[in-house]
Amino acid sequence: MAFSQTRSSAFLSDCLAAFRRYPAIATFAGAATLVAATAIANRHLAEKAQRDNPPQGRFIDVDGVRLHYVERGNGRALVLFHGNGSMIQDFESSGLIDLAAENYRVIVFDRPGFGHSQRPRDVVWTPEAQADLFRKAFDGLGVQRAIVLGHSWGASVAVALAIRHASFVEALVLASGYYFPTARADAVASSLSATPALGDIISYTVSPILGRLMWPAMLRKVFGPQPVPGKFAGFPKEMAVRPSQLRASAAESTLMVPAAFASSKTYGELDMPTIILAGEDDRLIDIDEQSARLHDEVKQSKLHRIRGAGHMIQQSATRDLMAAIDEAAAETLH
73 MAFSQTRSSA FLSDCLAAFR RYPAIATFAG AATLVAATAI ANRHLAEKAQ
123 RDNPPQGRFI DVDGVRLHYV ERGNGRALVL FHGNGSMIQD FESSGLIDLA
173 AENYRVIVFD RPGFGHSQRP RDVVWTPEAQ ADLFRKAFDG LGVQRAIVLG
223 HSWGASVAVA LAIRHASFVE ALVLASGYYF PTARADAVAS SLSATPALGD
273 IISYTVSPIL GRLMWPAMLR KVFGPQPVPG KFAGFPKEMA VRPSQLRASA
323 AESTLMVPAA FASSKTYGEL DMPTIILAGE DDRLIDIDEQ SARLHDEVKQ
373 SKLHRIRGAG HMIQQSATRD LMAAIDEAAA ETLH
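The numbering of the sequence shown is the working numbering, which starts it at 73 and goes up by one.
Structure, rendered in structure tokens:
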């Protein structure tokens, strides 16, 4: 035992001497230890978040992708697609699911990489790729036609579904969407977190910490000018700042501009009833550059500008969104 302790002490002394002689080694070793400890801590927090927020719906496997979804109500099928960085609980906490389930068969998915749905790394999850995946999922659920609503990034998925699988989409409801390419500093800032290897390091170390620190400011931006409603307290922040979800969010932010560029060439093909909604005071996406311009290009569309509302109109103007769903449904009966 004494011999073992002597050897350990000698090894420690040698290490300390080496660190004093080569301070760069000490700095690197310290940084590596800190990175590893941070990654382990973030992993444990992510696992705890998933234990604290277990799946509330069911799962369906499509092309090797396990998708989590919630289904509620009866009637005509209504599909809801959430935005970037979000999940089913956004629509759940807003009250829209329960409201719509009074008259519709409501189906809400966690999109790939968000909530409890998988996001395989061998696919670039463009709006088109997601649209094709969901079309197969709906086949598995026995849904052949639906009214489709998308919020923010989810609006891009809804449009892609309508273009690629037009017979499936009875009507579109597009809320706070981004449809045309513009200069976006947030897309550039996300590109590092979306790159292979480096993105994983950032997502498992720095991003969750920054996500928690920036959470209040981020909410003020997306909800402003209105305050964050009390019902949003039901949204699980800790699920949103998991490394895997932050990386998925960074990937979608990076895809934002090129996806809009590709999609903008197809809007003239939309010929189903389309209701476009946006908050006049959206601080994230300019209503005139995006929603109003889309309305000009889509012949069968109507534009509703929600006065005093920001980006999160599903939360702050839930009744307006529900009215738009009913309006879209009525348009299909003409």
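Every residue gets a Cβ at the ideal spot worked out from N, C-alpha and C, and that includes glycine.
Item: For lysine 374, the three-state DSSP class (helix, strand or coil); Value: strand
Item: Paired residues, beta bridge with aspartate 360 - DSSP; Value: According to DSSP, which records beta bridges pairwise, aspartate 360 is partnered with nothing at all.
Item: Beta-ladder partner(s) of phenylalanine 131, from DSSP; Value: His140
Item: Asparagine 146 classed as buried or exposed, judged by whether at least 16 other C-beta atoms fall within 10 angstroms; Value: exposed
Item: Neighbourhood of glycine 283 by C-beta, 8 Å cutoff - its chain only, sequence neighbours within 5 removed; Value: Ala312, Val313 and Leu318
Item: Host beta strand (DSSP E) of valine 245 (start-end); Value: 241 to 247
Item: Rounded separation between leucine 291 and glycine 155 - CA only; Value: 14 Å
Item: Same chain, Cβ closer than 7 Å to threonine 198, five either side skipped, listed in chain order; Value: Leu327 and Ala331
Item: Sequence-distant residues of the same chain with beta carbon closer than 6 Å to isoleucine 132, five excluded per side; Value: Leu139, Ala209 and Gly212
Item: For phenylalanine 252, the three-state DSSP class (helix, strand or coil); Value: coil
Item: Burial state of alanine 401 (16 or more Cβ within 10 Å); Value: buried
Item: Cβ neighbour criterion (16 or more within 10 Å) applied to valine 180; Value: buried
Item: Expected contact under 8 Å - CB spacing of aspartate 353 and proline 297 to nearest Å; Value: 5 Å
Item: Phenylalanine 210 - DSSP class collapsed to helix/strand/coil; Value: helix
Item: Alanine 113 versus arginine 93 - alpha carbon distance; Value: 32 Å
Item: Cβ-based burial, alanine 247 [other Cβ within 10 Å; buried from 16]; Value: buried
Item: Beta-bridge pairing of isoleucine 347 - partner residues as DSSP gives them; Value: Val245 and Lys374
Item: Completely contained beta strand (DSSP E) runs for the region 139 to 205, where each covers 3 or more residues; Value: 148 to 153 and 176 to 181
Item: Selected residue, minimal CA-CA separation from phenylalanine 186, among Met159, Ala389 and Arg148; Value: Met159
Item: Counted within 10 angstroms of its Cβ, other Cβ atoms place leucine 221 as buried (16 or more) or exposed; Value: buried
Item: Same chain only: Cβ atoms within 6 Å of alanine 350, ignoring 5 sequence neighbours per side; Value: Ser248, Ile359 and Ser363
Item: Isoleucine 235 versus alanine 218: straight-line alpha-carbon distance, rounded; Value: 14 Å
Item: Sheet register partners of valine 220 (DSSP bridge); Value: Val151 and Leu244
Item: Euclidean distance between Cα positions of valine 134 and histidine 237; Value: 17 Å
Item: Residues near proline 127 by beta carbon distance below 7 Å, same chain, minus five either side; Value: His140 and His188
Item: Burial state of threonine 346 (16 or more Cβ within 10 Å); Value: buried
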